[in-house]
Structures are given as C-alpha cells and as structure tokens.
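Visitor: Take any residue in the sequence shown, count from 1 to its spot, add 1199: that is its number in our numbering.
Heads up, the beta-carbon is just placed ideally off N, CA and C, and yes, glycines get one too.
Can you read through this structure? Questions will come right after.
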Amino acid sequence: MQVVRYGILAILCVFFLGTILGGEGSVKSNPSKKIVPENYVDTLRSKIEVGLDKNSLILLIDSLLSNEYIDPDLVVLLNKKINEEYGADWPVDTNPYPAHNLYKSWNTLLPHPYKNDICKSDSEVTYCLTDHYMGCGYVHPFEGVVTSRFGWRDGKHHNGIDIDLIRGDTVVSAFRGVVRLAKWTGGYGRTIVIRHHNGLETIYAHLYKFLVKPGDFVDPGQPIARGGNSGASRGSHLHFETRFKGKAINPEALIDFKKFQLQSDSIVLRKTRSGFVAFQPGTLFHKIKGGDYLYKIANQYGVSVNDICKWNGIKRNTILIAGKELKVSR
Ligand SMILES: [Zn+2]
1200 MQVVRYGILA
1210 ILCVFFLGTI
1220 LGGEGSVKSN
1230 PSKKIVPENY
1240 VDTLRSKIEV
1250 GLDKNSLILL
1260 IDSLLSNEYI
1270 DPDLVVLLNK
1280 KINEEYGADW
1290 PVDTNPYPAH
1300 NLYKSWNTLL
1310 PHPYKNDICK
1320 SDSEVTYCLT
1330 DHYMGCGYVH
1340 PFEGVVTSRF
1350 GWRDGKHHNG
1360 IDIDLIRGDT
1370 VVSAFRGVVR
1380 LAKWTGGYGR
1390 TIVIRHHNGL
1400 ETIYAHLYKF
1410 LVKPGDFVDP
1420 GQPIARGGNS
1430 GASRGSHLHF
1440 ETRFKGKAIN
1450 PEALIDFKKF
1460 QLQSDSIVLR
1470 KTRSGFVAFQ
1480 PGTLFHKIKG
1490 GDYLYKIANQ
1500 YGVSVNDICK
1510 WNGIKRNTIL
1520 IAGKELKVSR
C-alpha cells in the first residue's frame, strides 16, 4: 500500500515538474504569461529526490499559491490533479494557514498586503465568532478604558480602537488563530497580526515586547505581547483593529468594550463601496445625522437607494429628518 502511495506521489511530482517546466517553456512564446520562478522548479526537483509525503505536498502547493507570480492556470491544474488522485481521502482543512481559501496568501512582512480583487465577488455573509474554529470563544485583548474610537479623527480615519494601558501590561489574543506578522511596522510600531479561522484578522499595535512569532498558533486569551508606546503613539495604549480581507471594520460592531465581551455569537459582513460594514444579525438601522442624504447612507451600508426607499416606504425625494432612524437592511 505504502509503495503504491509513493508510486502515485512520484507520478504526481513528475506531473507537477512537467507542468511547471512546460509552463516555463510557454513563457518564451507568450511574454504576457506570468513566470514561475526558477527556485520553485528547484524545490520541486529536490523534493522529488527525497520523496514527498502528503503534508509536504500541501506545504509546497501553499508556497506556490502564496507566490503572486504563479500562473493561475497551473493552480487550477494542481487542484484538479489532487482531486483526481486523492478524492475523498484528501482532508478538507489541511491548510496550515487559517482561511486560506479566502486569502490565497500568507504575508509575514506586511500588515496590509491585500489587493481589492480578493473582495470583488463578496456581497453579504454571516460569520460565527464562537464556533470551535474560533476556539469556542473570545477573550478581550486588554481590559482597559477606551480612549479613542473607530472613525474619523482630526481629518484622518482611525482604523481601530485605542485602549489605555501601562507599558508592560499583558495583551492577549482575542480569538483562536495563527500569528501572521510580529514585527516593527512603521507608525504601528511593534505590531502583531493574527489571522483567524473565519477570515477575520486582528491587529495589535504600539506594543513593547513580543511573546509570539509568525506561525505560532494562539488560543483566545493567550498572552501575545506586552503593551507599550512604540511607533507613532502618544502615551502607552493598545491600538486594536479588526479587519476582513484587509478592510477595517468597526471593532465595536463585534465587541462590547465596556463589558469586554462579544456583542453576539455571529456577525453579518456586508460589502460596501469602500470595504465592509459589520452589524449584528437582524435588522439594521441608521440614525439620520445632519448632512445625510440617501445616496450617502446607501453607500455607507452597501445597499441601493431603491432598497432604502422600499424598506422604509419613502420616496427618493423624501426629506430626511435628523435623529430619525432608517432601516438599512431587509
Ligand atoms: Zn489607534
């Protein structure tokens, strides 16, 4: 049985090598085709010599997928071949990185490596925050007073929430996940980014000391750093962000920062023109402010003006009265 399995792997590896070399050959005839870097071919060749088990194969495929110069046709081909060869006995969630199907990349150097195209087919989806993939729960990163909230501040958008702390205080991971980045990053100072299994990423910035490194698996409540004042920060605090596919979402949509707990077990993420808006499952309302108009509100919540009119029984030219509420979901 073992021999047969290695036989299949050997055939598979030769197939991969052939495909990649073939892909390289076609580069010359078609200059617009993206190039598979030489080192991947070398990696494959050396792997074939020592023999390749299934886990190594997965890692190898991931390293191919995380390379942005990879020919997309090759990725399709690899996936197809794996399905054909392994079918049912290929485990569904073998990927070492959480939510790889959503991101297709794993960057340990940049906090914001994502391009807009990973969101392009998104519309609205409900995510569970407390299932076993998320470690069955949430632990508040640091139980302190909020000193600055998400939103516009001095003409700049504040993409997270600031929590007061004293240098050296312990900061913990909010959910289960894998550390994607732990390094000094510009204005963020010492920064940790954790990818969670539902695709959410949490960012912890202005840290003083790291207690984890990229690739570490963390559970909710696990200490990841000591808080501090590094980077562009005035006074020690934790700058905490929640992002989905690189787009900042208001942490207060998920988390109650006074009770240090989740608002609810799940969250709805709806694509808008500029990112995602997060809200509790159920009907969402918008409180009308001075200067609001229907088109602006529609954009903010990723819906159409027609939808808002329909849900509220109003017309496009209805005058909006500050303080009143509009339904902005079904
Ligand atoms: Zn901040």
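1. For V1344, count neighbouring C-beta atoms within 10 Å of its own C-beta (all shown protein chains included) and say buried if the count is 16 or more, exposed if not.
2. May I ask you to report which of helix, strand or coil DSSP gives D1506?
3. For ligand 1, which residues count as neighbours when the test is a C-beta closer than 6 angstroms to any heavy atom?
4. Taking C-beta to C-beta, are A1447 and N1358 nearer than 8 angstroms?
5. In this structure, does DSSP put H1299 in helix, strand or coil?
6. What are the boundary residues of the alpha helix (DSSP H) that Y1500 is part of?
7. Just verifying my parser: in three-state terms, what is the DSSP assignment at P1450?
8. Is it right to say T1401 is buried, meaning 16 or more other beta carbons lie within 10 angstroms of its own, or is it exposed?
9. Starting from the C-beta of S1322, find all residues in its chain whose C-beta is less than 6 angstroms away, skip the five residues before and the five after it, and write them out in chain order.
10. Between the Cα of Y1326 and those of V1338, H1395, L1380, R1348, spot the shortest distance and give me the residue it belongs to.
11. With F1475 as the anchor, note down where its beta strand (DSSP E) starts and where it stops.
12. Given this structure, state the Cα-to-Cα distance separating F1459 from N1516, to the nearest angstrom.
13. By DSSP, does Y1313 sit in helix, in strand, or in coil?
14. Contact check, V1370 vs L1461 under 8 angstroms by CB: the rounded distance?
15. The beta strand (DSSP E) that contains H1356, what's its start and end?
16. According to DSSP, is Y1337 part of a helix, a strand, or is it coil?
17. So which of L1493, G1388, G1445, T1482 has the shortest CA-CA distance to G1474?
18. Does G1426 come out as helix, strand or coil in the three-state DSSP assignment?
19. Specify, as a first and last residue, the run of the beta strand (DSSP E) that T1517 falls within.
20. Find out if the Cβ-Cβ distance for the pair R1375, D1418 is shorter than 8 angstroms.
21. Does the Cβ of R1394 lie closer than 7 angstroms to at least one heavy atom of ligand 2?
22. Taking L1301 as the reference, give the member of K1314, T1307, P1310 with the closest Cα.
23. I need the boundaries of the beta strand (DSSP E) containing D1363, first residue and last residue.
24. Assuming the contact rule is C-beta atoms closer than 8 angstroms, Y1403 and I1423 should be a hit. Round their C-beta distance to whole Å, please.
Guide: On the basis of the coordinates in this document:
1. In the sequence shown, residue 1344 corresponds to position 145, counting from 1. By the neighbour-count rule (16 or more Cβ atoms within 10 Å), V1344 is not buried but exposed.
2. In the sequence shown, the residue the question calls residue 1506 occupies position 307. Under the three-state reduction of DSSP output, D1506 falls in the helix class.
3. The filter returns S1347, H1357, G1359, D1361, H1438, in chain order.
4. Within the sequence shown, residue 1447 is the residue found at index 248, counting from 1. Within the sequence shown, residue 1358 is the residue found at index 159, counting from 1. Their beta carbons are under 8 angstroms apart, which means A1447 touches N1358 by this criterion.
5. Residue 1299 sits at position 100 when you count from the first residue of the sequence shown. If DSSP states are grouped into helix, strand and coil, H1299 belongs with the helices.
6. Numbered from 1 along the sequence shown, position 301 holds the residue referred to as residue 1500. For Y1500, the enclosing alpha helix (DSSP H) starts and ends at 1493-1500.
7. Reading the sequence shown from its first residue, position 251 is the one you call residue 1450. Three-state result, P1450: helix.
8. Counted from its first residue, the sequence shown places residue 1401 at position 202. That one is buried.
9. Counting from 1 along the sequence shown, the entry for residue 1322 is found at position 123. Closer than 6 angstroms at the Cβ level, and outside the excluded window around S1322, lie K1470.
10. Counting from 1 along the sequence shown, the entry for residue 1326 is found at position 127. It is H1395 whose Cα lies nearest to the Cα of Y1326.
11. For this step, residue 1475 is matched to residue 276 along the sequence shown. Looking at the DSSP string, the run of the beta strand (DSSP E) that includes F1475 is 1475-1478.
12. Position 260 of the sequence shown holds residue 1459. Position 317 of the sequence shown holds residue 1516. Going by the C-alpha atoms only, they are around 42 angstroms apart.
13. For the purposes of this step, residue 1313 is taken as residue 114 along the sequence shown, with counting starting at 1. Correct three-state label for Y1313: coil.
14. For this step, residue 1370 is matched to residue 171 along the sequence shown. For this step, residue 1461 is matched to residue 262 along the sequence shown. 18 angstroms between Cβ atoms; not a contact.
15. Start at 1 with the first residue of the sequence shown, and residue 1356 comes out as number 157. First-last of the beta strand (DSSP E) with H1356: 1355-1357.
16. In the sequence shown, residue 1337 corresponds to position 138, counting from 1. Reduced to three states, the DSSP call for Y1337 is coil.
17. Sequence index remark: in the sequence shown, residue 1474 carries index 275 (1-based). It is G1445.
18. Here residue 1426 is taken as the residue at index 227 of the sequence shown, counted from 1. In the structure shown, G1426 adopts extended strand secondary structure according to DSSP, grouped into three states.
19. Locating residue 1517 in the sequence shown gives position 318, where the first residue counts as 1. Per DSSP, T1517 belongs to no beta strand (DSSP E) and is neither H nor E.
20. Looking up residue 1375 in the sequence shown gives position 176. Looking up residue 1418 in the sequence shown gives position 219. Yes, these two residues count as a Cβ contact at 8 angstroms.
21. Annotation note on ligand 2: not contained in the displayed structure, which lists ligand 1 as its ligands.
22. Taking the sequence shown and counting its residues from 1, the one referred to as residue 1301 is at position 102. The option with the nearest alpha carbon to L1301 is K1314.
23. Position 164 of the sequence shown holds residue 1363. Boundaries of the beta strand (DSSP E) harbouring D1363: 1360-1363, taken from the DSSP string.
24. Numbered from 1 along the sequence shown, position 204 holds the residue referred to as residue 1403. Numbered from 1 along the sequence shown, position 224 holds the residue referred to as residue 1423. 7 angstroms between Cβ atoms; contact.
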